[in-house]
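Asks: Line by line, the protein sequences are chains A and B.
Just so you know, numbering that gives the first Met the number 0 puts the end of the first sequence at 381, numbered straight through with nothing missing.
Just so you know, numbering that gives the first Met the number 0 puts the end of the second sequence at 381, numbered straight through with nothing missing.
2 protein chains.
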Amino acid sequence: MIYLDNSATTYPKPESVREMLRIAPIIYGANPGRGGYSMSNSTALEIYKVRSKIAEMFSAQSEENVVFTINCTHALNLAIKGLAKKGGHAVTSCLEHNSVMRPLKKLQESGDFSFDVANVFSDDDKTVQSFERKIKSNTDFIVCTYASNVFGDILPIEKIGKLAKKHNIPLIVDAAQAAGVLDIDVKRDNISCLCMPGHKGLYGPVGTGVLVLSEECMPDTIIEGGTGSESKNLLQPSFLPDRFESGTQNALGIIALGKGIDFVRREKINYIREHENELIYYLFNYLLKSDSFILYNGFDSRKYVPILSFNTSGLTGEETASYLAQNGIAVRGGYHCNIFAHDYYRTSSVGTARVSVSAFNRKKDIDYLINSLNKIAKLKKV
Amino acid sequence: MIYLDNSATTYPKPESVREMLRIAPIIYGANPGRGGYSMSNSTALEIYKVRSKIAEMFSAQSEENVVFTINCTHALNLAIKGLAKKGGHAVTSCLEHNSVMRPLKKLQESGDFSFDVANVFSDDDKTVQSFERKIKSNTDFIVCTYASNVFGDILPIEKIGKLAKKHNIPLIVDAAQAAGVLDIDVKRDNISCLCMPGHKGLYGPVGTGVLVLSEECMPDTIIEGGTGSESKNLLQPSFLPDRFESGTQNALGIIALGKGIDFVRREKINYIREHENELIYYLFNYLLKSDSFILYNGFDSRKYVPILSFNTSGLTGEETASYLAQNGIAVRGGYHCNIFAHDYYRTSSVGTARVSVSAFNRKKDIDYLINSLNKIAKLKKV
Numbered sequence: 000m001i002y003l004d005n006s007a008t009t010y011p012k013p014e015s016v017r018e019m020l021r022i023a024p025i026i027y028g029a030n031p032g033r034g035g036y037s038m039s040n041s042t043a044l045e046i047y048k049v050r051s052k053i054a055e056m057f058s059a060q061s062e063e064n065v066v067f068t069i070n071c072t073h074a075l076n077l078a079i080k081g082l083a084k085k086g087g088h089a090v091t092s093c094l095e096h097n098s099v100m101r102p103l104k105k106l107q108e109s110g111d112f113s114f115d116v117a118n119v120f121s122d123d124d125k126t127v128q129s130f131e132r133k134i135k136s137n138t139d140f141i142v143c144t145y146a147s148n149v150f151g152d153i154l155p156i157e158k159i160g161k162l163a164k165k166h167n168i169p170l171i172v173d174a175a176q177a178a179g180v181l182d183i184d185v186k187r188d189n190i191s192c193l194c195m196p197g198h199k200g201l202y203g204p205v206g207t208g209v210l211v212l213s214e215e216c217m218p219d220t221i222i223e224g225g226t227g228s229e230s231k232n233l234l235q236p237s238f239l240p241d242r243f244e245s246g247t248q249n250a251l252g253i254i255a256l257g258k259g260i261d262f263v264r265r266e267k268i269n270y271i272r273e274h275e276n277e278l279i280y281y282l283f284n285y286l287l288k289s290d291s292f293i294l295y296n297g298f299d300s301r302k303y304v305p306i307l308s309f310n311t312s313g314l315t316g317e318e319t320a321s322y323l324a325q326n327g328i329a330v331r332g333g334y335h336c337n338i339f340a341h342d343y344y345r346t347s348s349v350g351t352a353r354v355s356v357s358a359f360n361r362k363k364d365i366d367y368l369i370n371s372l373n374k375i376a377k378l379k380k381v
Numbered sequence: 000m001i002y003l004d005n006s007a008t009t010y011p012k013p014e015s016v017r018e019m020l021r022i023a024p025i026i027y028g029a030n031p032g033r034g035g036y037s038m039s040n041s042t043a044l045e046i047y048k049v050r051s052k053i054a055e056m057f058s059a060q061s062e063e064n065v066v067f068t069i070n071c072t073h074a075l076n077l078a079i080k081g082l083a084k085k086g087g088h089a090v091t092s093c094l095e096h097n098s099v100m101r102p103l104k105k106l107q108e109s110g111d112f113s114f115d116v117a118n119v120f121s122d123d124d125k126t127v128q129s130f131e132r133k134i135k136s137n138t139d140f141i142v143c144t145y146a147s148n149v150f151g152d153i154l155p156i157e158k159i160g161k162l163a164k165k166h167n168i169p170l171i172v173d174a175a176q177a178a179g180v181l182d183i184d185v186k187r188d189n190i191s192c193l194c195m196p197g198h199k200g201l202y203g204p205v206g207t208g209v210l211v212l213s214e215e216c217m218p219d220t221i222i223e224g225g226t227g228s229e230s231k232n233l234l235q236p237s238f239l240p241d242r243f244e245s246g247t248q249n250a251l252g253i254i255a256l257g258k259g260i261d262f263v264r265r266e267k268i269n270y271i272r273e274h275e276n277e278l279i280y281y282l283f284n285y286l287l288k289s290d291s292f293i294l295y296n297g298f299d300s301r302k303y304v305p306i307l308s309f310n311t312s313g314l315t316g317e318e319t320a321s322y323l324a325q326n327g328i329a330v331r332g333g334y335h336c337n338i339f340a341h342d343y344y345r346t347s348s349v350g351t352a353r354v355s356v357s358a359f360n361r362k363k364d365i366d367y368l369i370n371s372l373n374k375i376a377k378l379k380k381v
C-alpha cells in the first residue's frame, strides 16, 4: 500500500515509537502518580519528560501547562466549552473542521451563546480585518485552525494572535495539521489554548492529543474525576495539569509520543516540511499539466501546508479515492469532516480527493500515484 | 517487583495484548472509518469486532451501543453530564470514587442541580431502601459503583436496577472494579449506562474506557467533533456510537483491548475471581491473626471483590505502602481518590494500604508480601 493519508494519521510511525509501544507495557506498565512504588514513579517521570519536550517545542511556560487528551478534538472541546460563558460569543473562520464547528454549534443550540464566522483571504491583513469586524463586546474567544485540513491554507496566526491580545480575548488554535509541520510558538503567537493531535505531525500513536495552555488561561472544566491528587477534595483540583487530566491517562501512548517528538526534532521541522513540499509540488505540477484534473489553489509553500486536494474532472472526490484504493493507494476522498472549507472552495457538491504526505514518503510514492492517475485520466477519455 | 496494585491497572498484560500493541501500529495503522482504502477498512473492522465482544460480554443490545472513551472517568462524565438536567437531581451512594463525586459536585456548584447520598448497609434491602428514600420527583438518574475501589464492597446492583426501573430513572454504574471480575448483564441489571475501564479487569492497555448504553438511553453530548460520518452536518450525529466518539479514536488501544477480553473469556470470569479470592483470603487470614494490622471488613466473596484495604497499627496507609515499596512490593497507600469510602469506614485520618490482585498473581506473591509485613510488625514492636 502507498500511504498518502497522513493528515488523518501519519503512517508508518517511526521505528522508535513502535519499539516504545512494545516495551512500555513491560517497563512503564503502572498507573503514574497513583502509587509510590518504583514503576509508578518511573512511569510518571517518563510522562513528565514528554511534557517537558512539548513545552520546549511550543514554548509553553512550563511542563504543567501541557495537558494530555485522547485526541485534538477533545483538546478543542476542553478549550471551547471551558472558555464559553453564558450569553457569550465566539469568532471563528470559514475554514473550520467539525472539531471546531460542532462544539460551537452545540453551544449555540443550547441557547445563550452565539458565534460569527470571519472570512479568509489570500491577503493576510484582510483576513485579520475580517476577524476584527466580528469581535463583539461579549466575545469570549477566537477559535480557528492554523492550517486547513482540506486545502492546506495557513491562517495568519501570529497576526490573529496580536489581534486577540489587542482585544484581550483568548485565542484557541486547532493545530491538527500544523503541529510538527509549522513552527509554532505559543508566546510569540499569543495562543491561549493550542490544541493538537499526537498522532499526526508529531508521529505518536493514536489515542494521544495535547492541549497547551498559556499562563493566564484557565478554562472551566467539562470533565472531572480522580486525579491522584487532593483525594479528599470533592472539587476538581485547580492546578495544572491535574485540572484537565481526570482518570487514568494513556501513559503508553504519551510515552510513545515522546519518541515521535524526538523523531521530529531530530529530523527538524523545516526539513520535514521542505521534503513534503517537494513531493506535493511534484504532484501539483503533474495535475496542473493534465486537463483531466481540477486544482483549487496554487502552490505556495508559505501559504499552504503540504496537503493537496484535487478532483478528477467528472468524478467526485470519493470516486477518485475509491479508484486509487483499488490500485493500492491510500488517499482520502469526500468532505474530510469539513463542509465549511468545501463551501469556501465551492466543492460542496463533489468533495475532493486529498493527498497528504509525511516524512516517510518518497518520490516513488508520488510516481506510483501519478501512474494510477494517468490510468484514471485515460479511462475518463474512453 | 511484586505487583499488587491491579485496581489501579492490571499488570502484566496478557502476552496477546502486548503482541497486538506491537503489530497493530503496522497492520492496523490507519484512521478507521475515515478512508475507503483497505487498511482503514480493516482497522474499522477490528474495532467493530471488539465492540461485538463487549456487547456479547455485557449483553448490550448491539455493537452500536458500545462506545469507546479514554478511560472510565470520561465514560462516567459522558453519562452523568449527559443525563443531568437543569433543576435536576441525582442519587448516589456513600462509597463513590471522585470519578462520580467530582462531576456531581461540579454540577451542584454550577447551580440548579442537586444530589443526595444513599447509605450502604450489609443488608442489601436496607441499601435499596436508602436509595429509594433519596429519590425525588426531579431525580434524573441514580449513579453508583458496582464495587468499591477501596474496600471492595459490592453494591446490590440488580436490586438497585429494579428500583431504577420501578421509578423509571436511568441507572449509571461505575464498574471500574467490577468489569471482568463480576458477571454484569446490562439487561438483567437494568443498567442504562455501564461505565468501565479497558485497562483493569478487562486486561487491555491504558487509554481505553467503555460506555455501554441501553437501548432507551440517549444522553446529551458534552464533546462534539468530526466523526467521519455526516460530514456536511454541523450538528453532532444522533446515532450510536458516533454521537459519543468524536475525533480520532484510540484504535491501537481498542484493538489490543479485544485481546484482553479474549483472555478474560478464555480464563473465565468466575475462575479468575475464585483465584483472586483465594489469594485475598490467604492474606486476610494472615492479617487477622496478627495484632499489628487492622482490618476493616470481613471476608465474604459474595460481598466483596478481591480488594483488601488494611492498615499497620500506628502507621498511615501511605507509610505502609511506602515501606512495602522499599521492599519491591507495589501496593497503593492513601485515599485512592475516594474520601467517601474512608469516611464510611472511619479511615479518613489515616487512609489505607490496598492490596489488589489479578489473574497473574500467585501465592508466592502473597508470601513475599507477608514476609515484608512480618518485618514491619517486628519494626513496630521495637
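Where a beta carbon is used, it is the ideal one built from N, C-alpha and C, also for glycine.
Since this is a predicted model, take the numbers as computed values, not measurements.
#1: Only counting the same chain, and skipping five residues up and downstream in sequence, which positions put a Cβ closer than 6 Å to that of GLU277 of chain A?
#2: Quick one: is CYS143 of chain A near chain B, going by C-beta distance under 9 Å?
#3: Suppose contacts are defined by Cβ-Cβ distances below 9 Å. Is VAL263 of chain A in contact with LEU201 of chain A by that definition?
#4: Check whether the Cβ atoms of GLY35 of chain B and GLY332 of chain A lie closer than 9 Å to each other.
#5: What does the Cβ neighbour count give for ARG361 of chain A, buried or exposed, with the cut at 16 atoms within 10 Å?
#6: Among all the DSSP beta bridges, which residues are the ones paired with MET195 of chain B?
#7: Indicate the three-state DSSP secondary structure (helix, strand or coil) for ASN310 of chain A in the structure shown.
#8: Are the beta-carbon atoms belonging to VAL211 of chain B and LEU193 of chain B less than 9 Å from one another?
#9: DSSP state of LYS114 of chain A, grouped into three classes?
#10: Please return the same chain residues whose Cβ sits closer than 6 Å to the Cβ of SER191 of chain A, not counting the five positions on each side in sequence.
#11: Nearest by alpha-carbon distance to GLU108 of chain B: which of A:LYS379, A:GLU223, A:ASN269, A:ILE369 is it?
#12: Taking Cβ to Cβ, would you say ALA117 of chain A is nearer than 9 Å to MET195 of chain A?
#13: 9 Å is my cut-off, CB to CB: does TYR2 of chain B come that close to chain A?
#14: By how many angstroms is the C-alpha of LEU282 of chain A removed from the C-alpha of ALA329 of chain A?
#15: Closer than 7 Å between beta carbons: that is the criterion. Which residues of the segment 160–190 of chain B meet it against chain A?
#16: MET38 of chain A touches chain B at which residues, Cβ-Cβ below 7 Å?
#17: Using 8 Å for Cβ pairs, my map puts GLU157 of chain B next to ARG187 of chain B. What's the rounded Cβ distance?
#18: Whose CA, out of B:VAL354, B:ILE293, B:ALA146, B:CYS143, lies closest to the CA of LEU307 of chain B?
#19: Using alpha carbons as the reference points, say which of B:GLU131, B:LEU82, B:ASP111 lies closest to ASP139 of chain B.
#20: For the alpha helix (DSSP H) that contains HIS341 of chain B, what are its first and last residues?
#21: Please list, in chain order, the residues of the segment 91–103 of chain B that have any C-beta partner in chain E closer than 7 Å.
#22: Based on the DSSP output, what are the partners of THR72 of chain A in its beta bridges?
#23: Alpha carbons only, please: which of B:ASN40, B:VAL65, B:ILE22 is nearest the one belonging to ASN30 of chain B?
#24: According to DSSP, simplified to helix, strand and coil, what is LEU294 of chain B?
#25: Using a Cβ-Cβ cutoff of 7 Å, what residues of the segment 193–209 of chain A are near chain B? List them in chain order.
#26: How should ARG272 of chain B be labelled, buried or exposed, when 16 other C-beta atoms within 10 angstroms of its C-beta is the threshold for buried?
#27: Among A:GLY227, A:LEU181, A:CYS93, A:THR8, which one has its Cα closest to the Cα of ILE141 of chain A?
#28: Helix, strand or coil for VAL119 of chain A? Go by DSSP, reduced to three states.
#29: Which residue from B:ASP122, B:LEU77, B:ASP219 puts its Cα closest to that of LYS105 of chain A?
#30: Could you tell me if GLU55 of chain B is buried or exposed, where buried requires 16 or more neighbouring beta carbons within 10 angstroms of its beta carbon?
#31: Can the beta-carbon of ASP182 of chain B be found closer than 9 Å to that of GLU95 of chain B?
#32: According to DSSP, what are the bridge partners of SER92 of chain B?
#33: Just the Cα atoms here: how many angstroms apart are ILE26 of chain A and PRO24 of chain B?
#34: Taking the Cβ atom as the reference point for each residue, do ALA89 of chain A and PHE114 of chain A lie within a distance shorter than 9 Å?
#35: Which chain B residues are close to LEU233 of chain A, counting only those with a beta carbon under 8 Å from its beta carbon?
#36: Let's see if you can read the secondary structure: which residues bound the beta strand (DSSP E) around SER355 of chain B?
Replies: Quick answer:
#1: For the purposes of this step, residue 277 of chain A is taken as residue 278 along the first sequence, with counting starting at 1. Excluding positions up to five away in sequence, the list is empty.
#2: Translated into positions along the first sequence, residue 143 of chain A becomes position 144. Not an interface residue.
#3: Here residue 263 of chain A corresponds to residue number 264 of the first sequence, with the count starting at 1. Here residue 201 of chain A corresponds to residue number 202 of the first sequence, with the count starting at 1. Their beta carbons are under 9 Å apart, which means VAL263 of chain A touches LEU201 of chain A by this criterion.
#4: Along the second sequence, one-based indexing puts residue 35 of chain B at 36. Along the first sequence, one-based indexing puts residue 332 of chain A at 333. Yes; because the gap between Cβ atoms is below 9 Å, this pair is in contact.
#5: For the purposes of this step, residue 361 of chain A is taken as residue 362 along the first sequence, with counting starting at 1. So ARG361 of chain A counts as exposed.
#6: Here residue 195 of chain B refers to the residue found at position 196 of the second sequence. B:VAL209, per the DSSP bridge assignment.
#7: The residue given as residue 310 of chain A occupies position 311 in the first sequence. Strand at ASN310 of chain A.
#8: In the second sequence, the residue the question calls residue 211 of chain B occupies position 212. In the second sequence, the residue the question calls residue 193 of chain B occupies position 194. The answer is yes: Cβ separation under 9 Å.
#9: Reading the first sequence from its first residue, position 115 is the one you call residue 114 of chain A. The question names Lys, but residue 114 of chain A in the sequence shown is Phe. Here PHE114 of chain A sits in strand by DSSP.
#10: Residue numbering aside, residue 191 of chain A sits at position 192 when the first sequence is read from its first letter. The residues are PRO169, LEU170, SER213, CYS216.
#11: Stepping through the second sequence from its first residue, residue 108 of chain B is reached at position 109. The shortest Cα separation from GLU108 of chain B among A:LYS379, A:GLU223, A:ASN269, A:ILE369 belongs to A:GLU223.
#12: Along the first sequence, one-based indexing puts residue 117 of chain A at 118. Along the first sequence, one-based indexing puts residue 195 of chain A at 196. In this structure, MET195 of chain A does not lie closer than 9 Å to ALA117 of chain A by Cβ.
#13: Stepping through the second sequence from its first residue, residue 2 of chain B is reached at position 3. So, interface residue.
#14: Mapped onto the first sequence, residue 329 of chain A falls at position 330. Mapped onto the first sequence, residue 282 of chain A falls at position 283. When rounded, the distance between both Cα atoms is 15 Å.
#15: none
#16: On the first sequence, residue 38 of chain A is found 39 positions in, with the first residue counted as 1. What MET38 of chain A touches in chain B: MET0, ALA329.
#17: Along the second sequence, read from residue 1 onward, the residue named residue 157 of chain B stands at position 158. Along the second sequence, read from residue 1 onward, the residue named residue 187 of chain B stands at position 188. That pair is a contact at about 7 Å.
#18: Start at 1 with the first residue of the second sequence, and residue 307 of chain B comes out as number 308. Per the Cα distances, B:VAL354.
#19: Along the second sequence, read from residue 1 onward, the residue named residue 139 of chain B stands at position 140. Among B:GLU131, B:LEU82, B:ASP111, the Cα nearest to that of ASP139 of chain B is on B:LEU82.
#20: Locating residue 341 of chain B in the second sequence gives position 342, counting from the first residue. 338–343 is the extent of the alpha helix (DSSP H) around HIS341 of chain B.
#21: The structure shown has no chain E; the protein chains it does contain are A and B.
#22: As a position in the first sequence, residue 72 of chain A is number 73, starting the count at 1. Answer is none; THR72 of chain A lacks a bridge partner.
#23: Mapped onto the second sequence, residue 30 of chain B falls at position 31. ASN30 of chain B has its Cα closest to that of B:ASN40, out of B:ASN40, B:VAL65, B:ILE22.
#24: Locating residue 294 of chain B in the second sequence gives position 295, counting from the first residue. If DSSP states are grouped into helix, strand and coil, LEU294 of chain B belongs with the strands.
#25: Answer set for the segment 193–209 of chain A: PRO196, HIS198, PRO204, VAL205, GLY206.
#26: Looking up residue 272 of chain B in the second sequence gives position 273. Counting the other Cβ atoms within 10 Å of the Cβ of ARG272 of chain B gives 16 or more, which makes it buried.
#27: Reading the first sequence from its first residue, position 142 is the one you call residue 141 of chain A. The shortest Cα separation from ILE141 of chain A among A:GLY227, A:LEU181, A:CYS93, A:THR8 belongs to A:CYS93.
#28: Locating residue 119 of chain A in the first sequence gives position 120, counting from the first residue. In the structure shown, VAL119 of chain A sits in coil (DSSP, three-state: anything other than H, G, I, E or B).
#29: Numbered from its first residue, the first sequence carries residue 105 of chain A at position 106. When only C-alpha atoms are compared, the closest one is B:ASP219.
#30: Working through the second sequence from its first residue, we reach residue 55 of chain B at position 56. That one is exposed.
#31: Position 183 of the second sequence, counted from the start, is the residue given in the question as residue 182 of chain B. Position 96 of the second sequence, counted from the start, is the residue given in the question as residue 95 of chain B. The answer is no: Cβ separation not under 9 Å.
#32: Within the second sequence, residue 92 of chain B is the residue found at index 93, counting from 1. BP columns for SER92 of chain B point to B:ALA117.
#33: As a first step, residue 26 of chain A must be located in the first sequence, where it is residue number 27. As a first step, residue 24 of chain B must be located in the second sequence, where it is residue number 25. Whole-angstrom Cα-Cα distance: 19 Å.
#34: For the purposes of this step, residue 89 of chain A is taken as residue 90 along the first sequence, with counting starting at 1. For the purposes of this step, residue 114 of chain A is taken as residue 115 along the first sequence, with counting starting at 1. Against a cut-off of 9 Å, the Cβ pair of PHE114 of chain A and ALA89 of chain A comes out as a contact.
#35: Position 234 of the first sequence holds residue 233 of chain A. Residues of chain B passing the Cβ test: ASN97, MET100, ARG101, LYS104, ILE338.
#36: Working through the second sequence from its first residue, we reach residue 355 of chain B at position 356. Boundaries of the beta strand (DSSP E) harbouring SER355 of chain B: 351–355, taken from the DSSP string.
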